[in-house]
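Peer 1:
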Amino acid sequence: MAMPQNSTGENGFCFTQTLNFSHPSPPPGEAGRTFDAPSGQEPCGTPLSNGTAFSSTPSPSDSCAEPLCSTTPGEEETQLNEGIKFVSTEGEELACGWGGFTPGCLQLFNTSKGVLFFLCVASFLQGMTVNGFINTVITSIERRFDLHSYQSGLIASSYDIAACVCLTFVSYFGGNGHKPRWLGWGVLVMGLGSLLFALPHFTTGRYEARSAAEVGVCGGNQSLPCAQAASSLSSYRFVFMLGQFLHGMGATPLYTLGVTYLDENVKTNYSPVYIAVFYTAAILGPAAGYLVGGMFLNIYTEIGREIDIAPENTLWVGAWWIGFLGAGAASLLISIPILGYPQRLPGSQRYIVMRVSEAHQLKDGSHKKASDPDFGKTVKDLPRSVLLLLKNPTFIFLCLAGATEATLIAGMSTFGPKFLESQFSLSASEAATFFGYLVVPAGGGGTFLGGFLVNKFKLRCSGIIKLCLLCTVSSLLAIFIFFIHCPNMPMAGVTQMYEGSALPGGHLNLTAACNAKCGCLQETYSPVCGSDDIMYYSPCHAGCKEVSENLRNGKKVYHECSCVKRTLLPGPGDTEAGKCTSSCAKRPLLLFFMFVMILFTFLSSIPALTATLRCVPDRQRSFALGIQWIVVRTLGGIPGPIAFGSMIDKSCLLWQDQCGEQGSCYVYQNSAMSRYTLIAGVVYKVLGTTFFIVACLLYKPPPPESAPGSSDASENGNCDLQEHKPSLPAEEDI
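Throughout the sequence shown, residue numbering follows the UniProt record's numbering, covering 1 to 734 in sequence.
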């Protein structure tokens, strides 16, 4: 077949030959059917082999309306074999609107950039709600509704359970249906889930703090009774679980159909950049959720009511519900414009026609079944679709590599702040802020940079997998920074004896002669830092008898502490509420290499996603992403925090005592925590590296001659094939 000749300048997209595919028996009245073009241009509606025109109404992105290429009669089968896509637009409405309401002002947003904007807002809201607000307020919800930790864990897991249940159905039928409608309804359901999550605040009575009395000083310690009546408030956990389930259902189309909708409506070169921007918004969402959610938690949950306890008090419950109301309302609003988008954006047909197939070539040729226009439209094709993906080794190993990366990301996002809190002796809020400073630039920047590199170097599928491999090896090297650690701050009765000697056998001994008459209770953990730079379990365990407030920083100061020795003067010393400040010299080094590790981990995320889209047939892209998400969540996202949590718990020195039952961990041994984090990180990174290597070795690209518009193999082979296509209008460029 003779290739078309370009007859225009750099902004043109016109060819001298015309597209005229013959059909053995064209339907009457349709074979020569065309669409009117704007005045001054040639007709653009050249018929394809299915009897319909190549393009319909002109869009802002069309700079030329002349036909693309031509064939001679009898070449139809050859065209099919050479990878030309046949796109039907018969009866398709490409205008933006709702039903018959398609005002002209809306068409300004009927572009790929308009879709990207609204999808970014939706992914930002999803990340802010599910990965931001939920993690921020879970402690307040436990306290307000008398929930145990495993019950709050079920609430958090309900999101992933819903996603796994819905992914196959949504990605299979939504991938062959009207994607914007699936996306819009999904965002709407997500908004309803947020509103439902906030509902228990309005259906319960006022929150009453059980006690606001001062406790903690020597002789004044009082504990809450252990045998409390079972609270009916704990049954609200089912409402929270249902809200999270709706969150999971609504977000399912967003990261499967949303990605493929963007990929189908932009140039192949720019697809990674669009997807990177989309995922960057999803990463910035949790950062905003932590910041905004933290601000709301400083407001008492019963707004307008005066209370005599401060946010630092263990009985304080903040206004956890405000964020969910705002996010729910915003999700309902943003779903309206998404529902108005057409099934295919104007002008996107050219991208489908010019797309070069990079799908993995199966030995038995069964991958060609997915090219059938009728494939995947019924439930009968579902088993065959699954089988085609399972026979694709590149896809399988990319899924496994994604699962190992997801395990690390889920584990580190859950326990990263706890690691910083323990290593640098920070408060929980300070550790969360530090971790946010690491994740936002490293995670967001790495995500965007990954998509930019794929576009910049115009990498083909194997080249993209090699980039993922390079990033994984780089982060593997950075993870060895966990060989070093900061020493624990000395804590009387936990890391050392009250006299300063080492604690034998690692056993607790919180009682000493200086506090024996105080009647201190182990249930009351409120660490204080003595003037001797030693931490104590509580003011009572430090033998403190008086309390005042530091006007400079608002912290409580305890005096006449019999266990604390003054540095210069004789007599009892003072303590201040909170942990002692760590002066670890290794902090900058640890933070820098953690930044590098997070950067390279996220740097491979968009290239890996792009490789997944490229290595499967076009009609299976949405379904492939759905299957990949199931694998990633089942093998990575759900067990990741459990695996990391189990390993980190092995380094615990001091457990919470809840009326004789073991609760959460108060103090970790820093050296053991670093060692276990290193082991987990190296194991999963080595597995990820292995999976990427196998994926690249087993990838079998289509022969070069089957890719019209592509160049021959470069000196690096198929791994680095680059795309050489006719230039598109400059306004489509980024």
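All C-beta atoms, glycine included, are put in the ideal place defined by N, C-alpha and C.
Enumerate in chain order the residues of its own chain whose CB-to-CB distance from Phe448 is below 7 Å, with the five nearest sequence positions on each side excluded.
Peer 2: Around Phe448: Ala276, Val277, Thr280.
Peer 1: In this structure, what does DSSP give as the bridge partners for Phe101?
Peer 2: BP columns for Phe101 point to Trp98.
Peer 1: Just checking my contact of residue 735 with Leu246 at CB under 8 Å: how many whole Å lie between their CB atoms?
Peer 2: Since the first residue shown for the chain is 1 and the last is 734, residue 735 is missing from the structure and cannot be characterised.
Peer 1: Keeping to the same chain, check which residues put their C-beta closer than 6 Å to that of His201; ignore five residues upstream and five downstream.
Peer 2: Counting only Cβ-Cβ distances below 6 Å, and skipping sequence neighbours, we find Trp321.
Peer 1: Cα separation between Ile138 and Leu388?
Peer 2: Straight-line Cα distance between these residues: approximately 42 Å.
Peer 1: In chain order, what are the residue ranges of uninterrupted alpha helix (DSSP H) at least 4 long that sit wholly in the segment 394-429?
Peer 2: Complete alpha helix (DSSP H) runs here, min 4: none at all.
Peer 1: Given this structure, state the Cα-to-Cα distance separating Val694 from Phe397, to the nearest angstrom.
Peer 2: Using only the alpha carbons, I get a separation of about 7 Å.
Peer 1: According to DSSP, simplified to helix, strand and coil, what is Val557?
Peer 2: Three-state result, Val557: strand.
Peer 1: Three-state secondary structure (DSSP) at Val528?
Peer 2: In the structure shown, Val528 sits in a strand (DSSP, three-state: E or B).
Peer 1: For the 8 Å Cβ check, are there 3 or more pairs between the segment 555-566 and the segment 574-586?
Peer 2: Judged by Cβ distances under 8 Å, the segment 555-566 makes contact with the segment 574-586, as three or more pairs qualify.
Peer 1: By the 10 Å Cβ neighbour count, where 16 or more other Cβ atoms means buried, how is Val439 classified, buried or exposed?
Peer 2: Flag for Val439 reads buried.
Peer 1: Arg633: which of Gly681, Ala406, Phe592, Arg460 sits nearest, CA to CA?
Peer 2: Minimum Cα distance to Arg633 is reached at Ala406.
Peer 1: Examine the Cβ distances between the segment 540-551 and the segment 517-526 and report whether three or more of them are shorter than 8 Å.
Peer 2: Touching, yes.
Peer 1: So, Phe101 versus Ala198, is the Cβ gap smaller than 8 Å?
Peer 2: Their beta carbons are not under 8 Å apart, which means Phe101 does not touch Ala198 by this criterion.
Peer 1: Below 8 Å on the Cβ atoms is my contact criterion, and I expect Ser582 with Cys486 to pass it. Report the Cβ-Cβ distance as a whole number of Å.
Peer 2: Ser582 to Cys486, Cβ: 6 Å. Contact.
Peer 1: Taking only the alpha-carbon atoms, compute the straight-line gap between Tyr274 and Leu262 and give it to the nearest angstrom.
Peer 2: Roughly 7 Å separates the two Cα atoms.
Peer 1: Within the continuous alpha helix (DSSP H) that includes Glu142, where are the two ends?
Peer 2: Its alpha helix (DSSP H) spans residues 134-144.
Peer 1: Grab the span of the beta strand (DSSP E) containing Leu358 for me, first residue to last.
Peer 2: Note on identity: in this sequence residue 358 is Glu, with Leu being the wrong assignment. Careful: Glu358 lies outside any beta strand (DSSP E) and carries neither H nor E.
Peer 1: Is Ser462 near Cys696, with beta carbons less than 8 Å apart?
Peer 2: Contact: yes.
Peer 1: Would you grab the beta carbon distance between Gly446 and Leu603 for me? Rounded to a whole angstrom, and I think it's under 8 Å.
Peer 2: About 4 Å separates the two Cβ atoms, so the contact holds.
Peer 1: Taking just the CA atoms, how far does Ala403 sit from Leu635?
Peer 2: Each residue's Cα considered, the two are about 6 Å apart.
Peer 1: Whose C-alpha, out of Ser413, Gln244, Ile299, Pro337, is nearest the C-alpha of Met594?
Peer 2: Nearest of Ser413, Gln244, Ile299, Pro337 to Met594, Cα basis: Ser413.
Peer 1: DSSP has Leu345 in a bridge; who is on the other side?
Peer 2: None; Leu345 has no bridge partner.
Peer 1: Would you check if the segment 466-478 and the segment 598-613 touch, i.e. whether three or more CB-CB distances between them fall below 8 Å?
Peer 2: The segment 598-613 is in contact with the segment 466-478.
Peer 1: Quick check: the Cα distance between Lys556 and Tyr300, rounded to an integer number of angstroms?
Peer 2: Straight-line Cα distance between these residues: approximately 21 Å.
Peer 1: Leaving aside the five residues before and after Tyr236 along the sequence, list all residues of the same chain whose C-beta is less than 6 Å from its C-beta, in chain order.
Peer 2: Cβ within range, chain order: Phe145, Pro200.
Peer 1: Compute the distance between the beta-carbons of Thr524 and Gly289, then report whether it is under 8 Å.
Peer 2: The answer is no: Cβ separation not under 8 Å.
Peer 1: In the structure shown, what three-state DSSP assignment does Val494 receive?
Peer 2: Coil at Val494, not helix or strand.
Peer 1: Is Tyr666 helix, strand or coil by DSSP?
Peer 2: Three-state result, Tyr666: strand.
Peer 1: Cα separation between Val631 and Pro639?
Peer 2: So the two alpha carbons sit approximately 12 Å from each other.
Peer 1: Would you mind working out which of Thr433, Arg587, Ile642, Gln107 sits nearest Asn670, comparing C-alpha positions?
Peer 2: It is Arg587.
Peer 1: Expressed to the nearest angstrom, what Euclidean distance is found between the alpha-carbon atoms of residue 764 and Pro490?
Peer 2: In the structure displayed, the chain extends from 1 to 734; residue 764 sits before or after that span and is not available.
Peer 1: Assign Asp62 to one of two classes, buried (16 or more other C-beta atoms within 10 Å of its C-beta) or exposed (fewer than that).
Peer 2: At Asp62, the pLDDT of 44 sits below 50, so the modelled position is not reliable; the number obtained from the coordinates is stated separately. Asp62 comes out buried.
Peer 1: Excluding the 5 residues flanking His178 on each side, which residues of the same chain have their C-beta closer than 8 Å to its C-beta?
Peer 2: Gln343, listed in sequence order.
Peer 1: Between Ala431 and Tyr699, what straight-line distance do the alpha-carbon atoms span, to the nearest angstrom?
Peer 2: Distance between the alpha carbons of Ala431 and Tyr699 is about 43 Å.
Peer 1: How is the beta strand (DSSP E) around Ala577 delimited, first residue to last?
Peer 2: Per DSSP, Ala577 belongs to the beta strand (DSSP E) from 572-577.
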